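Student: Start counting the sequence shown at 744; every next residue gets the next number (the working numbering).
We put the beta carbon where it would ideally sit given N, CA and C, even for glycine.
Bear in mind that the values here come from a model prediction, so they are computed numbers and not experimental data.
So that we are looking at the same thing, I have put the structure below in structure tokens.
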Amino acid sequence: MPSRSGREPARRRSPSSASHEGVRSARKRDRVTAVQEYHDRLTISTPEAVDVVLDLAGPGTRISSGAIDLALQTLVGLVGAVALVGLSGPLSAEWTTVIGSIGAFALIFFYDVAWELLNDGRTPGKSFLGLRVVRDDGRRVDGGSSVLRNLLRLIELPLFYAPGIVLITLTRRHQRIGDLVAGTLVVREPRRASRALAHAAPDGAVADDDRSGATPAGPSAD
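What follows is the structure, encoded as structure tokens:
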């Protein structure tokens, strides 16, 4: 019934509805906390007084990106093998073996180096999953770092990348052998990048205020 002032009396919340709302709020807080705990985040303070925030890529996403790249490499290798078979008539068996070995090495080694240098630290697998290779100070990967990290990939290859996968799982920054030696990291890229902050951050690093969009082999471990 309306009160004398003409206003509807305030509806009282039943204890059950209040408890349900409290449970929903608690669940929402738990989800937020879980996301914050799931993503490993590294903050670097630069001499330019800019905080660089890096969301480190975990073992799952790195193995997945490596699987995508491995599938592409396999496809290219099959095409190359078919072409080599076509040339096996004019060429001797020795030359066919030499060309095949050089091609396999180039595919394993230069695939990653070329993509990382030409596509700002991103192979096709990394681009698809929003990952990127950077130096451990947050700057863009350079030629020396890329060559070194991928040269050591040849040590892991005979063991099906098992040492790299183990190190990515156990090390604090999820680094494989090549990353540890070359001083590189694989990070998640922000979903929304501010151009102004991108210019303010050193050499393509992610600035602190831009982290709102960040989500900080068999298959090879990229």
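#1: Exposed or buried, what is ILE908 when buried is set at 16 or more other beta-carbons lying within 10 Å of its beta-carbon?
#2: Between which two residues does the alpha helix (DSSP H) containing LEU799 stretch?
#3: Excluding the 5 residues flanking PHE871 on each side, which residues of the same chain have their C-beta closer than 8 Å to its C-beta?
#4: Using C-beta distances below 7 Å, list every residue in its chain close to GLY846, excluding the 5 sequence neighbours before and after it, in chain order.
#5: Counting only runs that start and end within the segment 794 to 858, where is the beta strand (DSSP E) found for 3 or more residues in a row?
#6: Is DSSP giving VAL890 helix, strand or coil here?
#7: Quick one: any contact between the segment 883 to 895 and the segment 814 to 828, if contact means 3 or more CB pairs under 8 Å?
#8: Which value, in whole angstroms, describes the spacing of the CA atoms of PHE903 and LEU923?
#9: Are there three or more Cβ pairs, one per stretch, closer than 8 Å when the segment 853 to 864 is compared with the segment 887 to 899?
#10: Could you check what DSSP says for VAL929 in three-state terms: helix, strand or coil?
#11: Quick test of your reading: LEU797 and ILE806, contact by CB under 8 Å. State the CB separation rounded to the nearest angstrom.
#12: Got a sec? Which residues, its chain only, sit under 8 Å from ARG774 by beta carbon, not counting five neighbours each side?
#13: Please confirm whether ARG878 and THR927 have their CB atoms less than 7 Å apart.
#14: What does the Cβ neighbour count give for ALA836, buried or exposed, with the cut at 16 atoms within 10 Å?
#15: Please say whether LEU895 and ILE920 have beta carbons closer to each other than 7 Å?
#16: Please report the straight-line C-alpha distance between ALA943 and ASP880, rounded to a whole angstrom.
#17: Flag this pair as yes or no: are the beta carbons of ARG892 and GLU932 separated by less than 7 Å?
#18: Verify whether the separation of the beta carbon atoms of ALA800 and VAL929 is less than 7 Å.
#19: For ALA905, I'd like the list of residues in its chain whose CB is within less than 8 Å of its CB, leaving aside the five on either flank, ordered along the chain.
#20: Along the chain, where does the beta strand (DSSP E) that runs through VAL877 open and close?
#21: Using a beta-carbon distance below 7 Å, is GLU899 in contact with chain B?
#22: Can you name the start and end residues of the alpha helix (DSSP H) that ARG916 belongs to?
#23: Does the distance from the C-beta atom of THR789 to that of VAL795 stay below 7 Å?
Tutor: On the basis of the coordinates in this document:
#1: ILE908 should be labelled buried.
#2: LEU799 -> not in any alpha helix (DSSP H); beta strand (DSSP E) instead, spanning 794 to 799.
#3: Taken in chain order, the residues that qualify are SER808 and ILE811.
#4: Cβ within range, chain order: GLY823.
#5: Taking 3 residues as the minimum length, the beta strand (DSSP E) runs contained wholly in the segment 794 to 858 are 794 to 799, in order along the chain.
#6: Here VAL890 sits in helix by DSSP.
#7: The segment 883 to 895, when compared against the segment 814 to 828, does not touch it at the 8 Å Cβ threshold.
#8: Taking C-alpha positions only, PHE903 is separated from LEU923 by approximately 19 Å.
#9: Touching, yes.
#10: The three-state secondary structure of VAL929, taken from DSSP, is strand.
#11: The pair is not a contact, with the Cβ atoms about 19 Å apart (cut-off 8 Å).
#12: For ARG774, the predicted model reports a pLDDT of 42, less than 50, meaning its position is unreliable; a value from the coordinates is still stated below. Nothing meets the Cβ criterion.
#13: THR927 is positioned such that its CB atom lies closer than 7 Å to that of ARG878.
#14: Classification of ALA836: exposed, given that the 10 Å Cβ count is below 16.
#15: For the 7 Å CB-CB criterion, ILE920 and LEU895 form a contact.
#16: Legend: pLDDT at ALA943 = 46, less than 50; position of this residue unreliable, no value from coordinates given.
#17: No, the pair does not count as a contact, with Cβ atoms beyond the cut-off.
#18: The answer is yes: Cβ separation under 7 Å.
#19: Closer than 8 Å at the Cβ level, and outside the excluded window around ALA905, lie GLU899.
#20: First-last of the beta strand (DSSP E) with VAL877: 874 to 878.
#21: Of the protein chains in this structure there is only one, and it is not chain B.
#22: For ARG916, there is no enclosing alpha helix (DSSP H), as DSSP gives it neither H nor E.
#23: For THR789 and VAL795, yes; Cβs fall inside 7 Å.
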